[in-house]
Amino acid sequence: EIHIKEPIEKEVNPHLLPGELLLCEASTVYKYMQEDGSNRGTYGKLVCTNFKISFLDDDSASDDNEPEFKNKIVGENDITLQCVDQIYGVYDEKKKLLTGQLRKYPERLIIYCKDLRVFNFCLRYTKEEEVKRIVSGIVHHSQTPKLLKRLFLFSYASAAPNNTDGRNQTVMFDTLEDWRDELERTKGNVKYKTVTTNEGYRVSEKLPLYFVVPICISEESILKYEGRGIPIWCWSCHNGAALLKMSAFPKEQDDSTSQMQKAFLDGIYKTISKPPYELLKMDDLSSSLPSLQDIQTAYTRFKQLFLIDNSTDFWATDVKWFSLLESTNWLEIIRRVLKKAIEVAECLERQHTNVLLIEESATDLCCVISSLVQVMMDSYSRTKSGFQSLIQKEWVIGGHGFLERCNHLRKSEKEEAPVFLLLLNCVWQLVQQYPPAFEFTETYLTVLSDSLYVPVFSTFFFNSQHQRDTSASGESLKTQSGPFRFLTVWDWSVQFDPKAQAFLNNPFYAEKPKPDKNQRKTARFKHQRQLSLPLTQPKPSTKRGFFREETDHLIKNILGKRIGKFINSSDEPPNSFREFYESWHSKPVDYHGLLLPRIDGPEIKVWAQRYLRWIPEAQLHGGGTIAITAKILDLMEEVQSLQVKMDEEHSQAVSGDVHSVTTPRNSARLSSLFPFALLQRQSVKPALPTSTWKDLEDEDDLVKRDDEFVDLSGDML
1 EIHIKEPIEK EVNPHLLPGE LLLCEASTVY KYMQEDGSNR GTYGKLVCTN FKISFLDDDS
61 ASDDNEPEFK NKIVGENDIT LQCVDQIYGV YDEKKKLLTG QLRKYPERLI IYCKDLRVFN
121 FCLRYTKEEE VKRIVSGIVH HSQTPKLLKR LFLFSYASAA PNNTDGRNQT VMFDTLEDWR
181 DELERTKGNV KYKTVTTNEG YRVSEKLPLY FVVPICISEE SILKYEGRGI PIWCWSCHNG
241 AALLKMSAFP KEQDDSTSQM QKAFLDGIYK TISKPPYELL KMDDLSSSLP SLQDIQTAYT
301 RFKQLFLIDN STDFWATDVK WFSLLESTNW LEIIRRVLKK AIEVAECLER QHTNVLLIEE
361 SATDLCCVIS SLVQVMMDSY SRTKSGFQSL IQKEWVIGGH GFLERCNHLR KSEKEEAPVF
421 LLLLNCVWQL VQQYPPAFEF TETYLTVLSD SLYVPVFSTF FFNSQHQRDT SASGESLKTQ
481 SGPFRFLTVW DWSVQFDPKA QAFLNNPFYA EKPKPDKNQR KTARFKHQRQ LSLPLTQPKP
541 STKRGFFREE TDHLIKNILG KRIGKFINSS DEPPNSFREF YESWHSKPVD YHGLLLPRID
601 GPEIKVWAQR YLRWIPEAQL HGGGTIAITA KILDLMEEVQ SLQVKMDEEH SQAVSGDVHS
661 VTTPRNSARL SSLFPFALLQ RQSVKPALPT STWKDLEDED DLVKRDDEFV DLSGDML
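Just so we're aligned: 161 in UniProt numbering is position 161 of the sequence shown, and the numbers increase by one with no gaps anywhere.
This is the structure:
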């Protein structure tokens, strides 16, 4: 059956933001639904602006059936230019990557997005001139290198009214007072001081305007090597131990320069190792963690598992899901980063030792580890405003190169690496392991990851405070329209109305003093995709995956629930680490104290909401976390209404905090990936092509036990 929605008769115009300009458009474009190859879809208009690519059908003009969780800036069929990952054209059923000038124009256009959506447009019924304009326009504006001042950020800032506060209790760390308040909050002001040496950026344009160093560090030392070799304060523990970071000297230097730099570093180390400072442990992250290139390679492989636009491809990968997931190495990188954060926490908490994180620029993995340690050790960083302040301090003001790492300007893929996304993945592991400890939800983390690609906010579109300041004043852009007032992403009212913002808040935050083990168990669903790798003993063999002679051992492991054993790895933790790790996990969890993530093999899971939200086959209808949440909220509201009746004589109702998440009450009709996937179709597992089964015939008769194996995947969400 081929279902075709007739072309729209009435004119539908795109909703344009202030400063947004329509560049090109094409009518009678057919958008395929991401389904099972039945070619069902709808006709509409495809437009490209200086901000986004947008598909408009007759539903775009209607306000009926609007989702409760609606983004006011980026709609369901909108793709910001920065969110476009790759564009393919289909010529005679063959896909070809589209870049630069095109000699021939495709009959179909496939757009892969960085938030893992896939858009499939048929241009067969569109006028030839319109096809040329829209395809050339989309490829040019989303794929070719551009200057910073050409970002939509500047067009919006100059045209939008300045009627938002933008701070929302988030500490921005752009003033001296913000740093002094943070020092006082963490009791670090006895041994550390805020310095103004970089005012006017006379030390370095890469360093923030204000930062904190040990009291014994002189201004001359800071100026000597443009801030390199100087321990910069990140955070102080309750016992006085501090987390520091340092930008290392370049490794390739002539002998005389190296000797001078070594003598300088020795002097610094001796100064900060004496009382009143604690013992110092140095950790060179470039040698103890994967390289940025390794992280980028792993994520590139990993995201391919989710850029799926039809049922056949999904089920073909589902058969060898464990092999494919393991081969990406993404979950292993997350595990190694979490393990490093635990090691740092042990030094600070138990050994009372200062930890100095060293990296070439101190703006990539240093940001990841320092942020994770603070989330684990400081309950303030687990509140929404505290977490946002942490991102401001360590990433935005700290000088993370968002333009290069996210490749916003399309200048070089060599510098691209999902470093900030790696942090969010690690924080998500903690959020899903200890939900009551966090004031925010996984939905908050998901929309924060999406906001990386929305150039309405300045938060993730500059490399340093200096670049942001000079851009805001218009100095570096030679423009007459400055100064600009940029928005910050922390003003969530720009993207969501109050009802939608409620989904970002956790209604169960610190609700119970002890974790409820029963809540971790979920019902078994036959074809639920398992989100973590099973626990197996790693072997030196290079055989790929789990689906050869290891299958029997794997199933026996899961059936026997032998998942308590700590996973072995090439970087086996030392005895002190294991003792600290196991000792903490043997005690009840204090949701306002130290939190250590569980890093056993199966405990590191795939962030289902972010990576599977656009795939209907991966959803549980009427199940998952949202179903449990809806039921608990029902009970909470019932208890509250009873309490109100009891208190009527006092004419005072109990505070309505339980309404902080707006959840439709008919949980049976919800998807497990709510609020991003609402009432999508049920998926039936299709018969796989014969060739796929033949490829698996030598894998220990896995085919015959397919249902038995998949049925083991109960503990997933």
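Just so you know, even glycine gets a beta-carbon here, dropped at the ideal spot from N, CA and C.
Within its own chain, the residues whose Cβ lies closer than 7 Å to the Cβ of Ala500, once the five positions on either side in sequence are excluded, are Glu68, Phe69 and Lys70, listed in chain order. Straight-line spacing of the CA atoms in Leu176 and Ser287 works out to 34 Å. In this structure the region 399-414 lies against the region 456-468, because at least three pairs of beta carbons, one per stretch, are closer than 8 Å.
In this structure, Trp428 lies near Trp607, with their beta-carbon atoms less than 9 Å apart.
Nearest neighbour of Val431 by Cα position, chosen from Lys251, Leu596, Ile53 and Pro602, turns out to be Leu596. Note that the C-beta distance between Asn168 and Asp491 is below 9 Å. Contact annotation, Arg124 with Glu107: C-beta distance approximately 5 Å; criterion of less than 8 Å satisfied. Note on geometry: alpha-carbon atoms of Cys406 and His650 lie some 56 Å from one another.
Here DSSP, grouped into helix, strand and coil, assigns His15 to coil. Using a Cβ distance threshold of 9 Å, Ser583 and Gly624 do not count as a contacting pair.
Counting along the chain, Ser155 sits inside the alpha helix (DSSP H) bounded by residues Phe152 to Ala159. Where Asp266 is concerned, the enclosing alpha helix (DSSP H) starts and stops at Asp255 to Ser273.
Using a Cβ-Cβ distance cut-off of 8 Å, the region 93-104 and the region 149-164 are not in contact, since fewer than three pairs of beta carbons, one from each stretch, lie closer than that value. The Cβ atoms of Tyr581 and Glu346 lie closer than 9 Å to each other.
Residues of the same chain with a CB within less than 8 Å of the CB of Glu413, apart from the 5 flanking positions on each side, are Asn407 in chain order. If you draw a straight line from the Cα of Cys83 to the Cα of Lys72, it comes to about 17 Å. Burial of Ile342 is indicated by the presence of at least 16 other C-beta atoms within 10 angstroms of its C-beta.
The beta-carbon distance between Lys339 and Ile599, rounded to whole angstroms, is 6 Å. This is short enough to meet the 8 Å contact definition. Ranking Lys45, Ile138 and Leu153 by CA distance to the CA of Pro18 puts Leu153 first. Note that the C-beta distance between Asn189 and Gly227 is not below 9 Å. In this chain, the alpha helix (DSSP H) harbouring Leu424 covers Val419 to Gln433. In this structure, Cys122 is the residue among Tyr192, Lys52 and Cys122 with its C-alpha nearest to the C-alpha of Asn39. If you draw a 10 Å sphere on the C-beta of Val644, you find fewer than 16 other C-beta atoms in it, and that means exposed. The bridge partners DSSP lists for Gly89 are Lys96 and Leu109. Here the C-alpha atom of Met636 lies approximately 39 Å from the C-alpha atom of Leu307. With respect to the C-alpha of Gly44, the residue from Leu23, Asn77, Phe51 and Lys52 having the closest C-alpha is Asn77. A contact is defined here as three or more CB-CB pairs under 8 Å, and the region 379-390 fails this definition with respect to the region 314-333. Ser236: member of the beta strand (DSSP E) spanning Ile232 to Ser236, first to last residue. Taking the CA atoms as reference points, Leu56 sits about 34 Å from Val419. Excluding sequence positions up to five before and after Ser451, its CB lies within less than 8 Å of the CB of Phe457, Thr459, Phe460, Val489 and Gln495, all in the same chain and listed in chain order. Here the alpha carbon of Pro435 sits roughly 29 Å from the alpha carbon of Asp181. For Ala298, the enclosing alpha helix (DSSP H) has its first and last residue at Leu292 to Gln304. The C-beta separation of Leu16 from Leu23 comes to about 11 Å, leaving the pair out of contact by the 8 Å criterion. For the options His592, Val447 and Asn354, the alpha carbon positioned closest to that of Ala502 is the one of Val447.
Shortest Cα-Cα distance from Ser273 to any of Arg301, Ala248, Ile215 and Glu184 involves Ile215. Your pair Phe51 and Ile79 does not check out as a contact, with CB atoms roughly 10 Å apart and the cut at 8 Å.
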